[in-house]
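Respectively, the protein sequence lines represent chains A and B. Per this note's numbering: the first sequence ends with 636, consecutive numbering throughout. Per this note's numbering: the second sequence ends with 334, consecutive numbering throughout. We put the CB at the ideal spot given by N, CA and C, even for glycine. Since the model is a prediction, treat every value here as computed from it, not as a measurement.
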Amino acid sequence: MPTLTEPIAAPAGRATGVPPTILTKREHTVEIVSDSGEGAQRCGQIFGAVSAKMGNGVWTVEIIPAEIQPPPRIPEGASGYRVRVGAGPVTNWGDATNLALAFNEQVLLARHRLNALADDAILLVEDKWATSEDADIRAAWEAAMVELSTRHYRIIPVPMEAECLLLVDNPRKGKNMFALGMLARVYDRDCDRIKEQIAFTFRKKSEAVYNTNVQLFERGYEWAETNVDVRIHVPLQKIDEKLVVMNGNEAIALGAIASGMDMCAMYPITPATSVSHLLSEVFEKFGGIVHQAEDEIAAAGVAIGSSYSGKVAFTVTSGPGLALKTEFLGLAVMTETPLVLVDVQRGGPSTGLPTKVEQSDLLAALYASPGDAPHIVIAPATIEECFHVMITARRLAEAFRTVVMVLTDANLATGVTPFKRPTPELHWQAEPVDLSAVPVGTKAFQWDPQTGLSRRIVPGQANGMHTLTTLSHDEGSKVAYSSGVHQRSSAARSRKLAVLQSLLTPPPVYGDATGDLLVVGWGSTKGAIEEAVDRMRAEGLQVSSVHLRFLSPMEPGLKPMFTQFKKVVTVELNYSDEIGDPYVTEENRRLGQLAWLLRASTLVDVDCWTRVPGEPLRPGSIVDAIKDRMPTRGAK
Amino acid sequence: MPSDPRVQQALTALDRPIAEFRALMEGALRQADAFLEQQMADEPARVKRAAAALGVFGASHIDATRFAALHVGTRTATEPSLAALRRAVDILRQMADRGDNLFLAEVTSGAKIGAVVESALAMIGWAFGAIIVTDLVRGGRYVEADHASMLDPLQFGGWNRSERRAAPPLVVRVAGASVRATDLASFADGHVKLVLVVSGDCAPAPLARLITPGTFVVQTTDGSGLDRVALFDGPAFAALMPAGAATFVHDPALGRESWQRLTVSFIPDAPKKAVGAMSTWQQLEELKQLADLARTPFAVPNAGGNAAPAMGASDAADRIASWLLTQSGLGGTA
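Here is the structure:
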């Protein structure tokens, strides 16, 4: 175990003349963590983007405090960026951080207490606090070092502020570039690419700002060259195809543009807002409009109105906003107005955990609207799918004249990964609405008796005049309260989902089609689940997984698939009771949300393992949980 | 078009709005082609199209054959509308084949600059009509009696607001003697941008007559300022002048007053000979107009209390402060 003072006295490294140790790793996870506002995220973003462009697989996760501006130097205020870099594709954030770079010891403590750091992690930490004039700060530093010394970390103190002060008056504004320089040296990153990225990051600032940041970057690089005695080599892959590097919210925005949508109506809400940030910069160039409404309800209303008038519109929100939009959601279903609604899930209920990931909106997404309001719910599983799902969502919304809800989450929204550059396809674009004269006698809701589908008629269309109502109505949009009409119209709206389900192809099983245990997941957990499955299969366990994208209607073929396994367990980022907890019984146990749905639709005794840690699931945690539930080992 | 490196210089400076207009045409062309193809599609082609329309995500989860069988949305267009669409495609293809020449015009000897510009813009208007017809046919709204005339060249006077805003820039090669700025004034609307490449003897400041509060106007002898023409959100005139001409930039974004907006970098001596129909007096009037518009409205006294030369146009706040101090009897003490 390292002593308290050894690493602090002098960083072992090049200064002693010893050449650095080069560690070759298939993957390595690095995180930069600071107080809020010190730029750790920007440092991590540039590091991640450059790593991806150089040919590493990358998955990033933002570390965001629950408060926008928490007090400085408290563990709860840790803000940062975690980058998992791999020699091959990286699909999730992994288990533990191998190298952390911290701007103070308190934020490092936060990561330590969350078990985010590997036992042998290298910790580069700003050392000015050790000699602070404030005795409390010195004491806090000492206490932190004692606590950190309970693990086998290697702590390397870094005089970040002192070094930055040689170049700038306010190191709080420059430490992140110094840190970036250190990481660039340790991981042997391409400095020219980093400078390009710095130029892009500060493209709206003066040249002097760019130059200062480059100087800070170079200073950090040189400092690490001299003082850090380890280099991490993660082999690069040759990039044979054009890649793009983006987060899920950017992918949603670009997918919406590629799909030919005309309008995004939204109200700012974490973690969905950045969809509109990107759109507001570029949407107009593609003929689109971003409308920031006065509230969530109005945003849904504007999108529905736009869609009703013949345009294709979508709205973006998160859990609390979804709650407010549900009345309008019912309106869109009742009036059969196409609408795409993106819900970037966060922790709940109520305002919950605004910046943290969770998959707790599934049941709300399906059933929140009072009355029977059948609609389509799709959950992309990767950032790449966030792009492509928007094209499908727009098409289905129009083809089925209904609401298509797209469920992403904070993990997809803020995570960054490279993926194959999409080649836009003309047919992705929304076709203009058919405005030819409606045949005389055609009714506004002329439901096909088999499919429930009917022609979309927009205001102003010849022979298409009708009164739109959200009251129960007949084919002619006449208010009709008789039981027969309501039964018929409800059946038509519901039938559309059955029709769509008949078009879906059964999801593929990851692993063998038979075995001891099948893990079922949805949304952003795909990468972690499949990595966990790989690890268990490597140990000889008969575990497979299946990942669902369509949740309403549910994908076909699940029951026969489930029966090929001794046990079926969902893994989800939402809350469920554990058998053995006080008062919890098989009868009253509340299950994971997908588990509820699967039990209802397949009548299979689906178990679940769910957590709400406010962070993505780790493959290692899934492995442990699934091993506990293996039928041969006696599940709980 | 005779080669002149300045023409290429102007086209290069305007490449962004030119590319945007080309994208508009090419987008319409591709959509029209796709619609025509779809109208003639057999079953396998319809399935292929359905799969493409579902996107990469949809195609991997949805059976495109069954999706295509559902209907969904393929409308059969009438023969007259398809004929109109084919004509629109021909027009757009012709326009596309013209390349840069679509955005170039030349005022030949004896021609009037206004008429040349009008004719060139009518060609652009033709493209607008073809684009609209494409949209009408695809949406099932094409009515032969109402819309057939859209496939004829459209004079600028008939352009609507959207078309004026979508107008591409036009580079006009013209001899100095043929430059009649007043003939161009009627084109100052929307995003119309005209760049004159002037050769030979010319009045020194012909574009001074085109300065209005919302119009970007630049005269340059070396091409500086042309890039700002491309970026300006409104109508703009520019002239690449022969050496010796006045050079100035009038940028409406720089202020409410003309002296705030206008930066004159060079005014030549008074003209000594007539150019074309422009007498020396008329030319001098243009130079005076330029000087008047650029003149700051007040002078600042120096420390001794004598009138000082007007300050530079760069700091309006200082000038106003100085003026206030002067008016309140505090001039010279600050």
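From the DSSP output, in three-state form, read off Pro5 (chain B) for me. Indexing the second sequence from 1 puts residue 5 (chain B) at position 5. Residue state, collapsed to three classes: helix.
Might you give, ordered along the chain, the residues of its own chain that have their beta carbon closer than 7 Å to the beta carbon of Ser36 (chain A), omitting 5 neighbours on each side? Walking along the first sequence from the start, residue 36 (chain A) turns up at place 36. Here the set comprises Pro65, Gln69, Pro70, Gly77 and Ser79.
Using the Cα positions of Ala313 (chain A) and Leu504 (chain A), report the straight-line distance between them to the nearest angstrom. The residue given as residue 313 (chain A) occupies position 313 in the first sequence. The residue given as residue 504 (chain A) occupies position 504 in the first sequence. C-alpha separation (whole angstroms): 24 Å.
According to the neighbour-count rule (16 or more other Cβ atoms, all chains shown, within 10 Å of its Cβ), is His473 (chain A) buried or exposed? Looking up residue 473 (chain A) in the first sequence gives position 473. Buried.
Consult DSSP for Tyr308 (chain A) and reduce its assignment to one of helix, strand or coil. The residue you call residue 308 (chain A) lines up with position 308 of the first sequence. In this structure, Tyr308 (chain A) counts as helix in the three-state DSSP scheme.
Pick helix, strand or coil for His277 (chain A), following the three-state DSSP scheme. Within the first sequence, the letter at position 277 stands for residue 277 (chain A). Helix.
Please give the ranges of any alpha helix (DSSP H) in the stretch 111-196 of chain B, keeping only runs that are unbroken, at least 4 residues long and fully inside the region. 113-138, 144-147, 161-165 and 181-184
Here's a check: name, in chain order, each residue in its chain whose Cβ is nearer than 7 Å to the Cβ of Asn306 (chain B), leaving out the five neighbours to either side. Here the question's residue 306 (chain B) lines up with position 306 in the second sequence. Confidence in Asn306 (chain B) is poor, its pLDDT being 44 and thus under 50, which makes the residue's placement unreliable; the coordinate value appears in the next sentence. Same-chain partners within the cutoff: there are none.
Determine the chain A residues that contact Ile18 (chain B) at a beta-carbon separation under 9 Å, and present them in chain order. Mapped onto the second sequence, residue 18 (chain B) falls at position 18. Those within 9 Å of Ile18 (chain B) in chain A number zero; the least Cβ separation is about 15 Å.
Could you tell me which uninterrupted alpha helix (DSSP H) segments, each at least 4 residues in length, are contained entirely in the stretch 406-452 of chain A, listed from first to last along the chain? Unbroken alpha helix (DSSP H) runs of no fewer than 4 residues, entirely contained in the stretch 406-452 of chain A, are found at 410-414, following chain order.
Can you grab the Cα-Cα spacing for the pair Leu114 (chain A) / Arg73 (chain A), in whole Å? Indexing the first sequence from 1 puts residue 114 (chain A) at position 114. Indexing the first sequence from 1 puts residue 73 (chain A) at position 73. Near 17 Å, if we compare the C-alpha coordinates of Arg73 (chain A) and Leu114 (chain A).
Using a Cβ cut-off of 7 Å, pull out every chain B residue sitting near Pro432 (chain A), in sequence order please. On the first sequence, position 432 is the one that residue 432 (chain A) refers to. Neighbourhood of Pro432 (chain A) in chain B, by CB distance below 7 Å: Asp135, Arg138 and Gly139, in chain order.
Once DSSP output is grouped into helix, strand and coil, what is the label at Leu114 (chain A)? Position 114 of the first sequence holds residue 114 (chain A). Of the three classes helix, strand and coil, the one that applies to Leu114 (chain A) here is coil, per DSSP.
Among the candidates B:Leu11, B:Gly55, B:Arg6 and B:Ile18, whose CA atom is the shortest distance from the CA of Thr423 (chain A)? Locating residue 423 (chain A) in the first sequence gives position 423, counting from the first residue. Nearest C-alpha to Thr423 (chain A): B:Gly55.
What do you get for His375 (chain A), buried or exposed, if any count of 16 or more other CB atoms within 10 angstroms of its CB means buried? Numbered from 1 along the first sequence, position 375 holds the residue referred to as residue 375 (chain A). His375 (chain A) is buried by the Cβ-count criterion.
Any C-beta of chain B under 7 Å from that of Arg395 (chain A): Numbered from 1 along the first sequence, position 395 holds the residue referred to as residue 395 (chain A). When Cβ-Cβ separations below 7 Å define contact, Arg395 (chain A) makes contact with chain B.
Considering Cα atoms alone, identify which of A:Leu331, A:Ala323 and A:Trp609 is closest to Val344 (chain A). For this step, residue 344 (chain A) is matched to residue 344 along the first sequence. Nearest option by C-alpha distance: A:Ala323.
Take the Cβ of His233 (chain A) as the centre, count every other Cβ of all protein chains shown within 10 Å, and call the residue buried at 16 or more, exposed below. Here residue 233 (chain A) refers to the residue found at position 233 of the first sequence. Exposed.
In chain order, which alpha helix (DSSP H) runs of at least 4 residues are fully inside the stretch 322-390 of chain A? 362-367
contact_flag[the stretch 606-614 of chain A, the stretch 187-196 of chain B] where n(CB pairs < 8 Å) is 3 or more: no
Going by other Cβ atoms of all chains shown within 10 Å of its Cβ, with 16 needed for buried, is Met465 (chain A) buried or exposed? By one-based count along the first sequence, residue 465 (chain A) stands at place 465. Met465 (chain A) should be labelled exposed.
Pull up the DSSP beta-bridge partners for Ile32 (chain A), would you. Indexing the first sequence from 1 puts residue 32 (chain A) at position 32. Assignment of beta-bridge partners to Ile32 (chain A) by DSSP yields A:Tyr81 and A:Leu101.
Alpha-carbon to alpha-carbon, Val174 (chain B) and Gln197 (chain A): In the first sequence, the residue the question calls residue 197 (chain A) occupies position 197. In the second sequence, the residue the question calls residue 174 (chain B) occupies position 174. If I take the Cα positions, the gap works out to 45 Å.
State yes or no: is the C-beta of Gly523 (chain A) within less than 7 Å of the C-beta of Asp448 (chain A)? Numbered from 1 along the first sequence, position 523 holds the residue referred to as residue 523 (chain A). Numbered from 1 along the first sequence, position 448 holds the residue referred to as residue 448 (chain A). No; because the gap between Cβ atoms is not below 7 Å, this pair is not in contact.
DSSP three-state assignment for Trp259 (chain B), whether helix, strand or coil: Numbered from its first residue, the second sequence carries residue 259 (chain B) at position 259. In the structure shown, Trp259 (chain B) sits in a helix (DSSP, three-state: H, G or I).
Output yes if chain A places a C-beta closer than 7 Å to the C-beta of Leu54 (chain B); else output no. Translated into the one-based positions of the second sequence, residue 54 (chain B) becomes position 54. Yes, Leu54 (chain B) lies at the interface with chain A (some Cβ there is under 7 Å from its Cβ).
Give the straight-line distance between the Cα atoms of Gly113 (chain B) and Thr469 (chain A), rounded to the nearest whole angstrom. The count along the second sequence starts at 1 and reaches residue 113 (chain B) at position 113. The count along the first sequence starts at 1 and reaches residue 469 (chain A) at position 469. Rather than Gly, the amino acid found at residue 113 (chain B) in this sequence is Ile. If I take the Cα positions, the gap works out to 58 Å.
According to DSSP, is Cys202 (chain B) part of a helix, a strand, or is it coil? The residue given as residue 202 (chain B) occupies position 202 in the second sequence. It is coil, neither helix nor strand.
Hey, quick one: how far does the alpha helix (DSSP H) through Val229 (chain B) stretch, first residue to last? Sequence index remark: in the second sequence, residue 229 (chain B) carries index 229 (1-based). First-last of the alpha helix (DSSP H) with Val229 (chain B): Leu226 to Leu231.
Which of helix, strand or coil does DSSP assign to Val50 (chain A)? One-based indexing of the first sequence puts residue 50 (chain A) at position 50. It is helical.
Does DSSP classify Gly181 (chain A) as helix, strand or coil? Your numbering for residue 181 (chain A) matches position 181 in the first sequence. Three-state result, Gly181 (chain A): helix.
C-beta neighbour in chain C for Arg493 (chain A), strict 7 Å: Checking the listed chains, one finds no chain C in this structure; the protein chains it contains are A and B.
Give the range of the beta strand (DSSP E) segment to which Ser206 (chain A) is assigned. The count along the first sequence starts at 1 and reaches residue 206 (chain A) at position 206. Note, Ser206 (chain A): premise wrong, no beta strand (DSSP E); not H, not E.
Alpha carbon to alpha carbon, what distance is there between Gln41 (chain A) and Phe565 (chain A)? The count along the first sequence starts at 1 and reaches residue 565 (chain A) at position 565. The count along the first sequence starts at 1 and reaches residue 41 (chain A) at position 41. Roughly 43 Å separates the two Cα atoms.
Does any C-beta atom of chain B lie closer than 7 Å to the C-beta of Glu250 (chain A)? Along the first sequence, read from residue 1 onward, the residue named residue 250 (chain A) stands at position 250. So no, Glu250 (chain A) is outside the interface.
Can you give me, in chain order, the residues of the stretch 39-63 of chain B that have a beta carbon less than 7 Å from any beta carbon in chain A? If the cut-off is 7 Å between Cβ atoms, the stretch 39-63 of chain B has Arg49, Ala52, Ala53, Leu54, Gly55, Val56, Phe57, Gly58, His61, Ile62 and Asp63 near chain A.
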